[in-house]
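According to this note's numbering, the sequence shown holds residues 59 to 1080 in order.
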Amino acid sequence: MKPIQLKMTAFGPYKHTETVDFTKLQDHRLFVISGATGAGKTTIFDGICFALYGQASGEDRADLRAMRSDFADDGVQTSVELIFELHNRRYRIMRQIPYTKKGNKSETLANCEFFELTPDGETPFVDRQIVTEINKKVVDLIGFTQAQFSQIVMLPQGEFRKFLTSTTDNKETIMRKIFKTEPYKEIEARLKSRKDQAQAKWSTENQSRETLYSQIPSLLPNRDSQIFNVLATGQYNAHQVIQALQEEWVFYSEKTAIMKQLYEESYAKHGKMLETYHDAKNMNDRLTELKGKEEALAGLYERKPSMDLKETRLADAERAVAISEIELQFHQLEGETISKTAALETAEKEAIEAEGFAAKADADYKAEESRNPERQQLTERLIRLKDHLPTVMNLATKKEELQQIEQRISALNVALSTATERFANEMEQVGQWKTEIGLLDRLLLPYDEKLDQLNEVNEKVKWMEDIQKLQQQIQAQEAEMADKKSVFESCQRDYEGLEQQWLANQALVLAERLQEGDPCPVCGSEHHPALLKEHSDENVTREELDRAKKRLAESENAYRTVAIQQQHAGERLEEIQNKWDVQVDYAGLLEQQRELQTEVANMRNSRRKLVQLKEELEKQEALLVRLQNDKTENERSLAELQKNFDTKEAVLKSDIDKVPEEMQELNVLQQRIMETEGLKGELDGAWQKVQEIREAAKEKLVTARSSVVHAKGSLKESIEKKEIVWKRFKEALQSSDFPTEAAYREAKMAEADRQLLKQQLAAFAQQVHTLQESITDLRASVEGREMMDLGQLELEVERLKEEYEKALTEYHSCLENEKAAREVKENIEKATLAIEQVEVEYRKILDLYEVVKGDNGAKLSFERFIQIEYLERIVQSANERLKEMSNGQFELICSARKEAHGRQSGLGLDVYDAYTGANRDVKTLSGGEKFNASLCLALGMADVIQSFQGSISIDTMFIDEGFGSLDEESLHKAIDALVELQKSGRMIGVISHVEELKAALPAILKVEKLKEGHSMTKFIIK
């Protein structure tokens, strides 16, 4: 990624739109970014990082809303736009920061855009211009996340040395972000989850088996058997329990077969006796039933004469039915004749009333017809009144318009007077502010000079404080070095003594085994005139000598490390003392610092007040322009309104002359129209009503006359039918078997009574027949049999029933015990098999999890193992530059030491010092040495990432870190390294105050803070 152009609007110290055009560098790829403290140098890095990722470059700049410029106008949106080049294609990305305008509660929208620049124009590079899609596209395109970008391409303040000096845990986090080793960490998490699941499953299965053990006493009856003896011990295994349950199952299987046979025999005896009992009981029931039915049949024979009389009565009633139907028809026709006679009388009465109503309707019609001339006059009058209505309505509207115009003219006169007065007052305020601004400008003329003085004094105070700290550090290190030296010399004496003793012991062992004539393994001589005879009381082993040697090496390393640290502190103190006058009065310097801080603070307050006054003046001058424009507009509007009023007033007078005076009021005219319409409506309604009544009377008269004719015809027809039916009734009565009409009427019977009598006769006959047949059958079935005693048989049946139920209960109990023994044995076998399978799986997962987690001798997790490979490649690449920059003194190495308290190891860094031949912690390096090592690590990391991901192109690097901590030789080495980098095609920007660096690099991006407080940038090409 190579930046082409950066635009920052209302961002950081940049009030307006600040454009950094990197094309002005031309062929120069190495430049320094220079400017006063707080001018906005790091803000350029923040702008690039924010445009790409929506975040600032350093962790201490996490609050994006704080990046909005304090100098920005309220209406200006904070935004950053970056045009960059990648793989010979150009892109433009823009992001905005939301902010809350004055007077508003909600923030403004924060838009974002991502386009590819082509010869045909801009082409959207994402489907939707939203933050999530743009962020994903940027990472896919550049190949870096924000964390990787800040660690490799853009090295912000505070982040540069973090990888070098951080703990192994922090290095793990950094490398996880950069090399995306999260999947290996997730493997550990997934294995832990599977391990926990397997362990939980094993516990569950084991608990299930224990539950089965505990259920055995409740499932099986306690007896003197193997299973209860095993359980009573409290110490048993699954095999013992299963074997004992097998024996228990065999026992109950055999007992179940015996009890089943006993039950079947008892049940058969009971069934046979029960059959005998039911046969005897059935015979007794039949004999009793025969006796009862014979008695019932005798009773029916006694009722036979009365039933014969009822049968004769029913026959007479059946003959009277045919005659009664003719009689019923006659009575119906007689009632119909009476009702039709009444209907005829009603129709004749209604016809008379209809004739009178029709005569009255004709008279009313003729009377209303005579008022037609009056209705015509009202119609003509209503037309004339409505012709005046539009004109009168316009008169009212025009009068109202004239009143409104008069009111607006009055209001404009008042507004014009008020605006003139306010304009004069605001002009006076502008004059006062201009005077105050002039005074503040003169007061702030020495501000930059005072600020430079304060910065110089602050730097002197800082160096004085550094001198004091270094002096205290040197004193502490001298004491520590004396202690370490004492320990070292003591360990050296102990080791030399042990070494002499061990050599003496070895010589004694050799002398004891050496014989005259044998060649000495040391000198080769075959003669041994002076063999060692004395034996030391102290026997020193090789292990004791090695431990002493290790203690000597550790104490020497500790002593050398403190000595080097003390030497570096002394060199740093000497460097500061050579640069600054250490004889400066520190108390006076602090007093001067306080005075300058007070003066600068007062001037800053004055600057803020000046900025505020200028903003207010700018707003006030804009207000004056608006007030003048408003005054001019009011005067123009007033003239137009007066002209419009005169025109409308003339038109109104012309319209008034056209309308009679009494009709000029709209409400009067409308009242006259309503009254006329009311009178006309009444006359029209009366005329319409008499017409409707007349037609209705005619229809009613015709209907009434027709009803009379129809009623007469219907009555005549009913009389004729009645006479015919009466004649038929007399003829039927004469032809019947009834001697008289009275006999006929006595024989008549209602239909319900006849049906009831029929049912009684049929039921009686059926009962007699049924009893006769049943008695015949029963006599045949009980022939030769007598009643038996059932009590003794019932007692025997009950005794046999108790015997077979007892046998059945014992059989079921044995069957349940057999089933329980079999099922619990099978369940325990299944549970044991499941436990064994789960345990095998759990052990496999546990072993793998411990390896991946790092619970091993090396304290090395799987993720760390992968990261170490990356770290070794980074260190290898970094050492190629570090050896050159340190003149071969330093070489970074991956530390093999284990972390304390069982923490994960493997990512520690040590430095090998060729001058001492010892390894030491990188934290013991001086500030300049740390800078060189950190720079080499960052460059090595970039090389490794680019080698692993060939599509990634690292064409740019920005460094915001202290080159000021380097001595002259180290600075030249660092510059040479940067020059070598830019030869490979990279653009490198460095923030620095070091004059030697400014002089050595071919281009400068100068960031200048203006006296108003905000900043601007420009390129200086040498």
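Ideal Cβ placement from N, Cα and C applies to all residues, glycine included.
Bear in mind the structure is a predicted one, so any value in this text is a computation, not a measurement.
- The C-beta of residue 410 has fewer than 16 other C-beta atoms within 10 Å across all chains shown, which makes the residue exposed.
- For the 8 Å CB-CB criterion, residue 970 and residue 942 do not form a contact.
- Remark: three or more beta-carbon pairs, one from each stretch, lie closer than 8 Å, so the segment 908 to 922 and the segment 241 to 256 are flagged as touching.
- In the DSSP assignment, residue 870 falls within the alpha helix (DSSP H) that extends over 849 to 911.
- Short of 7 Å from the beta carbon of residue 256, and not among the five residues preceding or following it, lie these beta carbons of its own chain, in chain order: 896, 899, 900 and 903.
- Listed in chain order, the non-local C-beta contacts of residue 439 below 6 Å within the same chain comprise 734, local neighbours out to five positions each way being set aside.
- By the neighbour-count definition (other C-beta atoms within 10 Å, threshold 16), residue 626 is a buried residue.
- DSSP places residue 293 in no alpha helix (DSSP H); its state is neither H nor E.
- 8 Å or more divides the Cβ of residue 97 from the Cβ of residue 61.
- The alpha-carbon of residue 755 is positioned some 17 Å away from that of residue 427.
- For residue 650, the CB contacts under 8 Å within the same chain, skipping 5 residues up- and downstream, are 515 in chain order.
- Residue range 60 to 69 is occupied by the beta strand (DSSP E) that includes residue 61.
- DSSP, reduced to helix, strand and coil, places residue 154 within a strand of the structure shown.
- Your pair residue 137 and residue 1072 does not check out as a contact, with CB atoms roughly 16 Å apart and the cut at 8 Å.
- For residue 446, no beta strand (DSSP E) run applies; the uninterrupted alpha helix (DSSP H) run containing it begins and ends at 430 to 501, by DSSP.
- DSSP places residue 979 within a strand segment (E or B) once states are collapsed to three.
- For residue 986, there is no enclosing beta strand (DSSP E); the residue is found in the alpha helix (DSSP H) stretching over 985 to 1006.
- Residue state for residue 241 is assigned as helix, using DSSP reduced to three classes.
- Between residue 162 and residue 474, the beta carbon gap of about 33 Å keeps them out of contact (Cβ cut-off 8 Å).
- The straight-line gap separating the alpha-carbon atoms of residue 540 and residue 619 is approximately 13 Å.
- Rounded to whole angstroms, the gap between the alpha carbons of residue 607 and residue 267 is 59 Å.
- A residue is called buried when at least 16 other Cβ atoms come within 10 angstroms of its Cβ; residue 760 does not meet this threshold and is exposed.
- If the five residues before and after residue 94 are omitted, its C-beta is found closer than 7 Å to the C-beta atoms of 1067, all from its own chain and listed in chain order.
- Inclusion of residue 654 and residue 501 in the CB contact set at 8 Å is not warranted, their separation being larger than that value.
- Residue nearest to residue 885 within the set 66, 235 and 297 is 297 (criterion: CA-CA distance).
- Per DSSP, the continuous beta strand (DSSP E) segment holding residue 1015 begins and ends at 1014 to 1018.
- Restricting attention to 552, 965 and 833, the CA atom closest to the CA of residue 924 is found in 965.
- For the segment 346 to 397, not one full-length alpha helix (DSSP H) segment reaches 4 residues or more.
- The beta carbon of residue 832 lies closer than 7 Å to those of 351 in the same chain, with the five residues before and after it left out.
- Residue range 724 to 793 is occupied by the alpha helix (DSSP H) that includes residue 767.
- Judged by DSSP secondary structure, residue 1045 falls within the beta strand (DSSP E) whose first and last residues are 1045 to 1049.
- Distances from the alpha-carbon of residue 679 to those of 486, 602 and 417 put 486 closest.
- Boundaries of the beta strand (DSSP E) around residue 1074: 1073 to 1079.
- Residue 665 and residue 1070 have their C-alpha atoms roughly 7 Å apart.
- For residue 1000, the closest of 893, 935 and 171 by C-alpha to C-alpha distance is 935.
- If you compare the alpha carbons of 753, 628, 545 and 721 with that of residue 617, the shortest gap goes to 545.
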